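The structure appears right after this line, and notes come after that.
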Amino acid sequence: MQRYLLRRVVMAGFTLLVVSLLIFVMSRAAGDPRHIYLDDYSTQEDWDRLTVALGLDKPYYQQYGIFLKDALRGRFGESIAEGRPSMEIIIERLPATLQLGLASFIFSIVVGVPLGIFSAVRRGTMLDAVGKVVALIGQSAPVFWLGIMLMFLLAVKVQWLPPYGRQEAASIILPAVTLGWFYAAANLRLLRSSMLNVLDSEYVKLARAKGVAGPKVIWKHALRNALIPVLTFSGVTLGSLVTGSLVVETVFAWPGLGQLAIKSLVSNDYPLLQAVIIIFTLMYVTAALLVDVMYAYVDPRIRYA
Amino acid sequence: MAEATGLITVAPRSVPARFASRVWRMRRLPLIPMFILAVFVFTGITANWIAPHNPERGDIRARNLPPAWLEGGSTKYLLGTDHLGRDSLSRVIFGARISLIVVAVTLGVGGVFGVLLGLVAGYYGGWVDELVMRVVDIKLAIPTILVALVLVFALGQSFIIIIAILAIAIWPRFARNIRGEVLQLKTMDFVALAKVAGASTPRILFVHIFPGVVNTLIILATLEVGIVILLEATLSFLGAGVPPPTPAWGSMVADGRDRLAVAWWISTMPGLAIMFVVVAMNLFGDWLRDVLDPRLRQLE
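Okay, structure coming up:
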């Protein structure tokens, strides 16, 4: 168990290192940052001052070292557009993204898990068919398009919900449903197939033969085991909710990190972009790590694999 | 080579023959998905002959026209026109071509790369395997869209970069699954026999082991098609895909985003096209997987 955990932690650290290197190389490949800060009216002195200030007079490996050291302290330089530390902007926007992520995670569980269970238990009924449609839409409709369609139908046509922004409490519904749908579909499919497997297993048959009541077999004997694949997948979910937020926040003008990433990309605000990407990767890797740990705890077979 | 069974001589059928017979034995062909996919491929290939209008040039007098079946619509523009007066139908048709090209090239590049690495990693084992699999782990631990955005930011927007990004996104799954298959196959007697017979390593890999992974490869490829289409559309939507004015489905949805109240069809049509193709591909892939290899049902 400890060896397994250690391995995961080392891997996570190494992944972050690779991302930081990638970002460093890319930001250098993108062109000379001095051209972004300076204009036609700048003098040679400005240029030289900036060279020293940005550390561009040092060799690349030293520049990377400085970049890494600053990153570890949460210092990513000042945003070009807003003229204040990137980290400050990120911290302001973090709650909105976490809120949206949590809401869509809840949606994916609340919709995906019961539908998954019932479409396995009541196989071939109307409910199973409904589940299939929900799953197909979730897995095949592009997230951005689904968002736009929901916005058009529920906010423009019938005006039940606010179309965008984060002014009202109801504002979160559309983005959360859009973002959560894909994962609801995935949970549903996973749970349905693993429920069908488990319901067919010896121990469920034994429980039935012993005369355990139907609902108890389903909820206690079957569901507990069927939930394992869903749990693994929720690791992927938590992590990619992060990237999903890039798209959904853009569609619904939700003022979180995803929207910030796209904004900084469009406006060439590279210190800010670097910071957002590192924070995103950190969240992603941490989520994956947490789930691996939980997984090893729930399913003892994993520890020794 | 014939194989003696004592009573009769049975000639083993070739791989394509076995593949074909197994496919045809399945009675429940997914006809609707296959039809949709056929339409997709056909329109993609013949786009410049069947599209009624130029997809990149619009008629300013015919802006935001609704589809033909709605009031104010005209049969000249069956699916309506966008904010620049460009014909939606023609743009959707040419969008099919873009998606088709992107899928074909990406699967070619990413698939070949992933399969090669998977073969080598599985066959050699040891540090080669360790290295490839760790790279796979790292790649899978980094959110694809972020990598894509960084690459587009640093290197600029071009068709080649999009292909590179998508190929980088898909190769790890090929490598990981093919490697798993090779691990099993390489312990088989026919591999040992080939070695004894003096076959070179490339020969063992490509002549003896590769045919054994073809089924897995086909299934993986079909499942990746939907992923590639969605990924490309997402990048185009975010403005980091195939550069405009090329009519990619994702950027067409983005075009209509701010005009929902006046012209909902601009976003709706290309989105429907994406959804139909991806649904069809997924259903077809599921079916193919069940026919070729029911063991792979858990394959992501």
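Keeping their order, the protein sequence lines are chains A and C. One point on numbering: in the numbering used here, the residue at position 105 of the first sequence is 218, and numbering is uninterrupted. One point on numbering: in the numbering used here, the residue at position 195 of the second sequence is 199, and numbering is uninterrupted. We put the CB at the ideal spot given by N, CA and C, even for glycine. Please read these numbers as outputs of a predicted model, since none were measured by experiment.
Which residue marks the beginning of the alpha helix (DSSP H) containing residue i, and which one marks its end?
i, result
"Y81/C", "Element bounds for Y81/C: n/a, residue is neither H nor E."
"L264/C", "Segment: none, L264/C is in no alpha helix (DSSP H) and carries neither H nor E."
"K318/A", "315-323"
"I169/C", "163-189"
"H148/A", "147-150"
"V269/A", "Neither: V269/A is in no alpha helix (DSSP H) and is coded neither H nor E."
"P274/C", "269-296"
"T156/A", "It is not in any alpha helix (DSSP H) - T156/A carries neither H nor E in the DSSP assignment."
"F214/C", "214-241"
"L118/A", "115-142"
"S377/A", "370-379"
"S306/A", "286-312"
"G178/A", "173-185"
Can you check DSSP and say which residues form a bridge with residue i?
i, result
"D91/C", "T85/C"
"P255/A", "Answer is none; P255/A lacks a bridge partner."
"P198/A", "E191/A"
So, with DSSP's three-state summary, where would you put residue i?
i, result
"A418/A", "Its pLDDT being 45, under 50, A418/A is placed unreliably by the model, and nothing is read from it."
"P249/C", "coil"
"P276/A", "coil"
"P34/C", "coil"
"E191/A", "strand"
"D259/C", "helix"
"I146/C", "coil"
"A8/C", "Low local confidence applies: a pLDDT of 49 at A8/C is under 50, so the model's placement there is unreliable, and no value is given."
"E281/A", "coil"
"L135/C", "helix"
"T210/A", "helix"
"M387/C", "For chain C, the structure presents residues 5 to 304; residue 387/C sits outside this window and is missing."
"L263/A", "helix"
"A100/C", "helix"
"A55/C", "coil"
"A203/C", "coil"
"P237/A", "The amino acid occupying residue 237/A in the given sequence is Gly; Pro does not appear at that position. DSSP places G237/A in coil when its eight states are reduced to three."
"D405/A", "helix"
Given that a residue counts as buried once 16 or more other Cβ atoms are within 10 Å of its Cβ, and exposed if not, what is residue i?
i, result
"F39/C", "exposed"
"A125/C", "buried"
"E185/C", "buried"
"V290/A", "buried"
"A258/C", "buried"
"E158/A", "exposed"
"S92/C", "buried"
"H57/C", "buried"
"P70/C", "buried"
"P206/C", "exposed"
Would you say residue i lies against chain A (beta-carbon separation less than 8 Å)?
i, result
"F39/C", "no"
"I149/C", "yes"
"P20/C", "no"
"N286/C", "yes"
"A8/C", "Here the model assigns A8/C a pLDDT of 49, short of 50, so the residue's position is not dependable, and the following value carries that caveat. So, not an interface residue."
"M279/C", "yes"
"G129/C", "no"
"R261/C", "yes"
"L303/C", "Low confidence applies to L303/C: its pLDDT is 43, below 50, so where it sits in the model is not reliable, and the reading given next is rough at best. No, L303/C does not count as interfacial toward chain A."
"V154/C", "yes"
"G382/C", "For residue 382/C there is no data in the structure shown, the boundaries of chain C being 5 and 304."
"D290/C", "no"
"D141/C", "yes"
"S271/C", "yes"
"A158/C", "yes"
Could you tell me whether the Cβ of residue i comes closer than 8 Å to any Cβ of chain C?
i, result
"T394/A", "yes"
"F257/A", "yes"
"K136/A", "A small fix is needed here, since residue 136/A is Ile in this sequence, not Lys. I136/A counts as touching chain C."
"V406/A", "no"
"F180/A", "no"
"S253/A", "yes"
"V343/A", "no"
"Y177/A", "no"
"A166/A", "no"
"T210/A", "no"
"F231/A", "no"
"F218/A", "no"
"Y397/A", "yes"
"L378/A", "yes"
At a cut-off of 7 Å, would you count residue i as near the ligand ZN, judging by its Cβ distance to the nearest heavy atom?
i, result
"A283/A", "Here there are no bound small molecules, and the ligand ZN is not part of this structure."
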